[in-house]
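J.: Quick note: the sequence shown uses UniProt numbering, first residue 1, plus one each step.
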Amino acid sequence: MDKGYARPTAKARALRNNATEAERILWRAISARKISGIRFNRQVPIGQFICDFVARSIGLVIEVDGGQHNDEVDAERTRYIEAQGFRVIRFWNNDVLGNIEGVIEEIERVIANMPSPDPSRKREGRD
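1) Kindly indicate which residue of Glu106, Met114, Ile100 has the alpha-carbon position closest to the one of phenylalanine 29.
2) Using 8 Å as the threshold, is the C-beta distance between arginine 87 and glycine 59 below it?
3) In its own chain, which residues sit with a C-beta less than 6 Å from the C-beta of phenylalanine 91, not counting the 5 before and 5 after it?
4) Return yes when the Cβ of isoleucine 89 is within less than 8 Å of the Cβ of phenylalanine 49, no when it is not.
5) Assuming aspartate 52 and glutamate 76 are in contact, meaning their beta carbons sit under 8 Å apart, how far apart are those beta carbons, in whole angstroms?
6) What whole-angstrom Cβ distance do isoleucine 25 and isoleucine 107 have, given they're in contact under 8 Å?
7) Using the Cα positions of glutamine 84 and valine 44, report the straight-line distance between them to the nearest angstrom.
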């Protein structure tokens, strides 16, 4: 099925291998189900966009932004990702680098306030 864009899996793989320092720090803090037992993946394609961190089981996307981001483009990207059923939260690189504890607290707060996933949609062996 042609979706009108090339699936960016090769680019996502390259981004995983060339993460920013802020992405590496956040990944160490959220990987291996360290937050509420939630599994996150890095550099995940959603449509034509590559999201920094995604927890599919609860529909959460975490973006880590540097100074080079364009507000208009980010807003369009966020609208698209939210239309796919995800909640998007963003942090600046300097927040992750200088206040990882506060970033983790905010992620935990967002997760605690998200609706529970529909158990009828859970697939065996995946989360």
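In this text, a Cβ means the ideal position worked out from N, Cα and C, and glycines have one as well.
T.: On the basis of the coordinates in this document:
1) Checking the sequence, you will find alanine at residue 29 rather than phenylalanine. Of the candidates Glu106, Met114, Ile100, the one whose C-alpha sits nearest the C-alpha of alanine 29 is Ile100.
2) yes
3) Val64, Val103
4) no
5) The beta carbons of aspartate 52 and glutamate 76 sit about 17 Å from each other, so the pair does not count as a contact at 8 Å.
6) Between isoleucine 107 and isoleucine 25 the Cβ distance is about 13 Å, and since that is not below 8 Å, they are no contact.
7) Cα to Cα, glutamine 84 sits roughly 13 Å from valine 44.
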